[in-house]
Amino acid sequence: MLNRRKLIQLALSEVPSETEYLDYKQEINLSSEAGRAKLLRIICAMSNSNPTGRSFIFVGISDSKELIGTSFIDDADFQNAIKGYISNCPKVIYENVSVSSLASNKFIGIISIYPNGNLSEICKKIWKLKPGDRFLRRGSSTDKGHNESLNACTTNQRESLELVRRASVTLESTLNATLAFYSDSSNSYSPRHYVFNDQYVVAVSSWENDDSSLSEVTVQLINEEISFFWSAMEYVNIEKKEQSLVIEELAMIFWKGVRHLIPKKRVEIDFPISSSYQVKHLKLSNIPELSLKDIDDFLGRYEDRLLTEPYFAEILPYELLFAALNGSKASLELLLDRNGGNVDGAVAQSYSDAIRTYEYLRVQ
Numbered sequence: 021m022l023n024r025r026k027l028i029q030l031a032l033s034e035v036p037s038e039t040e041y042l043d044y045k046q047e048i049n050l051s052s053e054a055g056r057a058k059l060l061r062i063i064c065a066m067s068n069s070n071p072t073g074r075s076f077i078f079v080g081i082s083d084s085k086e087l088i089g090t091s092f093i094d095d096a097d098f099q100n101a102i103k104g105y106i107s108n109c110p111k112v113i114y115e116n117v118s119v120s121s122l123a124s125n126k127f128i129g130i131i132s133i134y135p136n137g138n139l140s141e142i143c144k145k146i147w148k149l150k151p152g153d154r155f156l157r158r159g160s161s162t163d164k165g166h167n168e169s170l171n172a173c174t175t176n177q178r179e180s181l182e183l184v185r186r187a188s189v190t191l192e193s194t195l196n197a198t199l200a201f202y203s204d205s206s207n208s209y210s211p212r213h214y215v216f217n218d219q220y221v222v223a224v225s226s227w228e229n230d231d232s233s234l235s236e237v238t239v240q241l242i243n244e245e246i247s248f249f250w251s252a253m254e255y256v257n258i259e260k261k262e263q264s265l266v267i268e269e270l271a272m273i274f275w276k277g278v279r280h281l282i283p284k285k286r287v288e289i290d291f292p293i294s295s296s297y298q299v300k301h302l303k304l305s306n307i308p309e310l311s312l313k314d315i316d317d318f319l320g321r322y323e324d325r326l327l328t329e330p331y332f333a334e335i336l337p338y339e340l341l342f343a344a345l346n347g348s349k350a351s352l353e354l355l356l357d358r359n360g361g362n363v364d365g366a367v368a369q370s371y372s373d374a375i376r377t378y379e380y381l382r383v384q
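Okay, so the sequence shown: first residue is 21 according to the numbering used here, each after it adds one.
What follows is the structure, encoded as structure tokens:
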């Protein structure tokens with residue numbers, strides 16, 4: 021296992037510049053074709069140019085090696101963004117690393133590209149890339165390749181193997197990381213840890229809401245110093261079982277002024293005795309049903325309620341969300357319009373939260 025934070029420290033302090041196995045990005049864009057294409061290009065190049073060692077892309081670090089940080093990215097969303105575009109695709113994973121010098125909602129992302137015994141190439145058109153495009157990494161440059169074979173084990177590749185070896189987890193690093201977690205976590209967020217199979221240490225920090233649900237939740241695997249889960253605003257339940265930790269995130273909706281919480285997603289971290297840990301991401305979308313009459317009545321009355329009901333402006337986005345999830349196009353248009361954009365403060369935050377939930381739960 022790797023201590024991800026130690027990996028970052030070693031790379032920044034001992035690797036002078038970007039190489040065949042190491043690259044820095046201030047941010048990545050998974051929502052646009054151009055952003056995904058640029059990412060696919062460098063994944064393909066690093067896989068072909070470092071076939072015997074692991075390659076890494078650090079996200080949230082500038083070219084001058086300044087720690088900037090980036091938003092939390094779920095590996096499941098990352099996989100969906102790149103899936104199906106590379107033939108002979110290597111194993112690629114995205115991990116979030118907490119760093120004490122960054123704000124609690126910022127992470128250093130690590131994209132790990134594992135050794136691959138075959139040449140990788142683009143197999144599906146995306147942006148300016150077309151099927152058959154093949155790329156190679158030469159130092160810090162990514163160039164288009166043609167009929168090259170896999171590179172022999174170069175000096176840089178041996179360096180990548182040594183970097184991984186030196187960043188491997190030890191008992192001392194695990195204990196130090198556990199102590200650091202408690203030191204960095206406010207007592208009001210109830211820091212605690214769980215041990216699985218006498219080997220894996222999982223640390224949790226969270227704020228407890230009045231209804232016993234949790235918010236501002238961080239879940240880290242201390243051994244590797246990676247964050248499995250982070251949520252600032254959502255309602256979350258955590259259940260510790262003998263061989264697993266189950267995290268269920270709930271989405272907030274309102275209807276007729278009454279708050280409801282519906283399951284949004286579940287993250288299961290399993291620790292089977294016979295192998296290492298496994299992380300499962302499940303999207304939950306069991307949306308309660310509304311009748312057409314309910315939705316029509318709501319749309320006919322919401323303007324009057326804005327004038328007569330205190331605080332309705334703040335919960336309106338969540339009622340629009342509920343109706344939109346039940347297929348109301350008019351409600352969705354009102355939600356996305358954000359009341360003509362004439363909102364600010366808590367109301368603006370409510371619209372942002374509701375839109376984010378809709379985009380996650382909508383039927384593709």
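Note that beta-carbon positions come from the ideal geometry of N, C-alpha and C, so glycine has one too.
Please read these numbers as outputs of a predicted model, since none were measured by experiment.
Mapping the DSSP letters down to three states, classify residue i as helix, strand or coil.
i	result
Pro337	helix
Leu50	coil
Ala223	strand
Gln298	strand
Tyr44	strand
Phe92	coil
Ser84	coil
Val363	coil
Ser124	coil
Lys313	helix
Ile375	helix
Glu38	coil
Arg382	coil
Arg212	strand
Determine the contact status of residue i and residue j, defining contact as a CB-CB distance below 8 Å.
i	j	result
Met272	Tyr297	no
Ile130	Glu141	no
Ile62	Ile77	yes
Leu181	Gly55	no
Val385	Leu27	Since the first residue shown for the chain is 21 and the last is 384, residue 385 is missing from the structure and cannot be characterised.
Ile246	Arg24	yes
Glu379	Asn346	no
Val221	Arg212	no
Ile315	Ser348	yes
Ala96	His301	yes
Leu149	Leu59	no
Ser121	Leu87	yes
Phe274	Phe342	yes
Glu53	Trp147	yes
Val112	Ile128	no
Starting from residue i, follow its DSSP beta bridges and name the residues at the other end.
i	result
Ser188	Leu22
Ile131	Ile77 and Tyr114
Val256	Leu234 and Glu269
Asp163	Leu156
Pro283	Leu270
Gln240	Ala223 and Ser247
Glu141	Ser107
Leu149	Ile146
Ile289	Leu265 and Val299
Val278	Trp275
Glu228	Leu234
Can you have a look at residue i and say buried or exposed, based on whether 16 or more other CB atoms are within 10 angstroms of its CB?
i	result
Val239	buried
Ser311	exposed
Glu244	buried
Leu40	Strictly speaking, residue 40 in this sequence is Glu, with Leu absent from that position. So Glu40 ends up on the buried side.
Pro151	exposed
Val436	With the chain represented from 21 up to 384, any question about residue 436 goes unanswered, as that position is not in the structure.
Asn70	buried
Val278	exposed
Asn229	exposed
Glu339	buried
Gln384	Per-residue confidence for Gln384 stands at a pLDDT of 43, beneath the threshold of 50, marking its modelled position as unreliable; the derived number appears in the next sentence. Burial call: exposed.
Lys285	buried
Inset, instruction - Could you tell me whether the stretch 286 to 293 touches the stretch 257 to 269, using the rule of 3 or more Cβ pairs below 8 Å? - result: Result yes; three or more Cβ-Cβ pairs closer than 8 Å.
Inset, instruction - Spell out a yes or no on whether the stretch 181 to 199 and the stretch 95 to 107 are touching, meaning 3 or more CB-CB pairs, one atom from each, closer than 8 Å. - result: no
Inset, instruction - Take every Cβ of the stretch 365 to 377, pair it with every Cβ of the stretch 332 to 347, and state whether three or more of those distances are shorter than 8 Å. - result: yes
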